[in-house]
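*Asks:* The structure follows.
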Amino acid sequence: MLRCCGTSRKVQYLLDKSSPHVLFRWLGFAVLLSLYLLRVFLLNGWFIVTYGLGIYLLNNLIGFLSPQVWFAHACALFDYVSNPVRFLLGLRAQFDPDEGEGPVLPTRDTDEYRPFSRRLPEFKFWCVLGGGLLLARRPRRWLIL
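Structure follows, in structure tokens:
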């Protein structure tokens, strides 16, 4: 549907133009969310859709706040690389936090600095939340339950 008449290019152009304006993007999202919640309050309905939207927003917030690589996954990868046979048999090495294993902060200038990288980048997070909010505002004609 977005492919007809160059609509997809227009939407992408607007998204590209809004990319550097972080404050205005989030203010626009806050206004849309406030209007949606006001609509739910005034109509005294749409509770199931709002509940689903809340779960969707929370799930994406967790993805935004989570690191790209979890420490548990890094440990599993280390176990697999060090001894793949033991890993495939389920005989994983036990992690002891007192042994100094795992990620540490750089202590010297020669150490490699790795900034925090998110699993869901900020712009993608904004796009997903805005899309979910716009989808929830669309009227439905079918029964949910």
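Take 451 as the starting number for the sequence shown in our numbering and just add one per residue. Backbone N, C-alpha and C fix where the C-beta goes; we use that ideal spot for every residue, glycine too. All of these numbers come straight from a predicted model, not from anything done at the bench.
Just the Cα atoms here: how many angstroms apart are L487 and C577?
*Replies:* In a straight line, the C-alpha of L487 is about 19 angstroms away from that of C577.
*Asks:* Quick one, which of F573, L507, L579 has its alpha-carbon nearest S468's?
*Replies:* The shortest C-alpha to C-alpha distance from S468 to any of F573, L507, L579 is the one to F573.
*Asks:* From the DSSP output, in three-state form, read off R569 for me.
*Replies:* Note: R569 maps to coil in three-state DSSP.
*Asks:* Tell me, which residues are paired with P470 by DSSP?
*Replies:* Answer is none; P470 lacks a bridge partner.
*Asks:* Taking the C-alpha atoms as reference points, what is the distance between G504 and F497?
*Replies:* 10 angstroms
*Asks:* Report back the beta-carbon spacing between R568 and F514 to the nearest angstrom; my notes put them in contact at under 8 angstroms.
*Replies:* 6 angstroms
*Asks:* Using the Cβ count rule (16 or more neighbours within 10 Å means buried), how would you classify L511?
*Replies:* exposed
*Asks:* Please go through the same chain and pick out, in chain order, the residues whose beta-carbon is closer than 7 angstroms to the beta-carbon of V490, but skip the five residues on each side of it.
*Replies:* Excluding positions up to five away in sequence, the list reads W496, T500.
*Asks:* From which residue to which residue does the alpha helix (DSSP H) around N509 run?
*Replies:* 497-515
*Asks:* According to DSSP, is Q462 part of a helix, a strand, or is it coil?
*Replies:* helix
*Asks:* Under a three-way DSSP split, which group does R588 fall into?
*Replies:* coil
*Asks:* Here's the rule I'm using: 16 or more other beta-carbon atoms within 10 Å means buried, otherwise exposed. How should L579 be labelled?
*Replies:* L579 should be labelled buried.
*Asks:* Measuring straight from C-alpha to C-alpha, what distance separates Q518 and H471?
*Replies:* 24 angstroms
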